[in-house]
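Here's the structure we're looking at; comments come further down.
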Amino acid sequence: MSPVMPSDFDPRNAEPEDFVSPGLPVDEANTTGRFPDADPEQIPDPAVVEVPADLREQIQAIVDKYPDRDHKGSPKSAAIPVLWIIQRRYGWCTPEGIVQAACVMQVTPAYLESVASFYDLLRTSPQGEHQVLVCTNIACWMRGGDELLDSFCEKTGADREAAGHGGALSEDGNILVSGFECLGACDLAPMASVDERYFGPLENADAGTIVDQLEAGEEVLPGKALEKRGLAGGVAESTDPRVTEGQGPNQ
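Residue numbering for the sequence shown follows my numbering, beginning at 895 and increasing consecutively.
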């Protein structure tokens, strides 16, 4: 329920407490999610929170790249790249990792939690050792992106409905399969990101090959990896005829 404002209310002259809805007094505010007992204003104490030296160094190096500070002097602009480091270290944005990052950055864990829970590429729950993100936006969809996602789910045993709404783990818990709204590589449609590397254009049969290669610890489809090809119509170490025979979108 929204607060009832007087007819002469001017938000430009209002104080923050004027915007608090009935039933949500400021002094009873609290964080939610994985830190239900945390004080929103509580910043982790460096004397109490143990942060590995190498992790502290990595976080501080990122923070130093963002000289701008908000009015409280906290380097919140560094939140996304710092959380990416936490995810790469622990496999996902764990509560422990978030507290460690907050300690170094001198921000609240609740703030980092809110950032991590907003972005699809940041995970706030356990995920597999490998991540497969299948683009399902318009270009990839028109060229079979949904069917490619189906193929990954069939091969891994991941739940198809869950994979299309945030991700699902393979039957052995080793591979996260997820549809993704857009990976920004329409020239490769249909394509997928496998452990942060782009691959495409992909055939449905490639899904089985990719999963087998991941499970065997082998290099994944070297002929269709983005960094081994030119962009947007590229040259060819690719083995896909849509690229090597001049059928790319810019040719």
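Backbone N, C-alpha and C define an ideal beta-carbon position, used for all residues, glycine too.
Keeping to the same chain, check which residues put their C-beta closer than 6 Å to that of Phe1074; ignore five residues upstream and five downstream.
Position 180 of the sequence shown, counting from 1, holds the residue named residue 1074. Result list for Phe1074: Leu1027, Cys1029, in chain order.
Would a C-beta distance cut-off of 7 Å place Ala973 and Leu1006 closer than the cut-off?
The residue labelled residue 973 in the question sits at position 79 within the sequence shown. The residue labelled residue 1006 in the question sits at position 112 within the sequence shown. Against a cut-off of 7 Å, the Cβ pair of Leu1006 and Ala973 comes out as a contact.
Nearest-angstrom beta carbon gap, Leu1016 and Cys987 [assumed within contact, 8 Å]
Counted from its first residue, the sequence shown places residue 987 at position 93. Counted from its first residue, the sequence shown places residue 1016 at position 122. Going by Cβ atoms, the distance from Cys987 to Leu1016 rounds to 6 Å, so yes, they are a contact pair.
Spatial neighbours of Ser1011 within its chain, please: CB distance less than 6 Å, with the 5 preceding and 5 following residues excluded, ordered by chain position.
Numbered from its first residue, the sequence shown carries residue 1011 at position 117. Its chain contains Thr1018 as the residues whose beta carbon lies nearer than 6 Å to that of Ser1011, once the 5 sequence neighbours on both sides are disregarded; these appear in chain order.
Tell me, which residues are paired with Arg1091 by DSSP?
Walking along the sequence shown from the start, residue 1091 turns up at place 197. In the DSSP output, where bridge partners are listed per residue, Arg1091 has Val1088.
Taking 6 Å as the cut-off, is the C-beta of Arg1017 nearer than that to any heavy atom in the ligand MN?
Of the ligands one can find in the structure shown there are none, so the ligand MN has no counterpart to examine.
Can you check whether the CB of Gly1039 is closer than 7 Å to the CB of Pro1084?
Locating residue 1084 in the sequence shown gives position 190, counting from the first residue. Locating residue 1039 in the sequence shown gives position 145, counting from the first residue. In this structure, Pro1084 places its C-beta atom within 7 Å of the C-beta atom of Gly1039.
Give the straight-line distance between the Cα atoms of Tyr960 and Ser971, rounded to the nearest whole angstrom.
Along the sequence shown, read from residue 1 onward, the residue named residue 960 stands at position 66. Along the sequence shown, read from residue 1 onward, the residue named residue 971 stands at position 77. Distance between Tyr960 and Ser971, taken at the CA atoms: about 6 Å.
When you compare each of Cys1034, Pro1020, Lys1049, Pro938 to Gly1060 by their alpha carbons, which one comes out closest?
Residue mapping note: residue 1060 aligns to position 166 of the sequence shown, counting from 1. Minimum Cα distance to Gly1060 is reached at Pro1020.
Quick one, are the C-beta atoms of Phe1046 and Val1071 less than 7 Å apart?
Residue mapping note: residue 1046 aligns to position 152 of the sequence shown, counting from 1. Residue mapping note: residue 1071 aligns to position 177 of the sequence shown, counting from 1. In contact: Phe1046 and Val1071 (Cβ atoms closer than 7 Å).
Would you kindly work out how many angstroms separate the C-alpha atoms of Lys1049 and Arg1037, rounded to a whole number?
In the sequence shown, the residue the question calls residue 1049 occupies position 155. In the sequence shown, the residue the question calls residue 1037 occupies position 143. Whole-angstrom Cα-Cα distance: 20 Å.
Quick test of your reading: Val998 and Val942, contact by CB under 8 Å. State the CB separation rounded to the nearest angstrom.
Working through the sequence shown from its first residue, we reach residue 998 at position 104. Working through the sequence shown from its first residue, we reach residue 942 at position 48. Contact flag wrong, Cβ pair sits at about 13 Å.
Could you tell me whether the Cβ atoms of Gly1111 and Gly1067 are closer together than 7 Å?
For this step, residue 1111 is matched to residue 217 along the sequence shown. For this step, residue 1067 is matched to residue 173 along the sequence shown. Gly1067 sits away from Gly1111, with the two beta carbons spaced by 7 Å or more.
For Gly1102, I'd like the list of residues in its chain whose CB is within less than 8 Å of its CB, leaving aside the five on either flank, ordered along the chain.
What you label residue 1102 is simply residue 208 of the sequence shown in a count that begins at 1. Excluding residues within five positions, the ones whose Cβ falls inside 8 Å are Ser1045, Lys1049.
Top-ranked residue by Cα proximity to Cys1080, from Ile956, Gln952, Leu1120:
Taking the first residue of the sequence shown as position 1, residue 1080 is located at position 186. Nearest to Cys1080 by C-alpha distance, out of Ile956, Gln952, Leu1120, is Leu1120.
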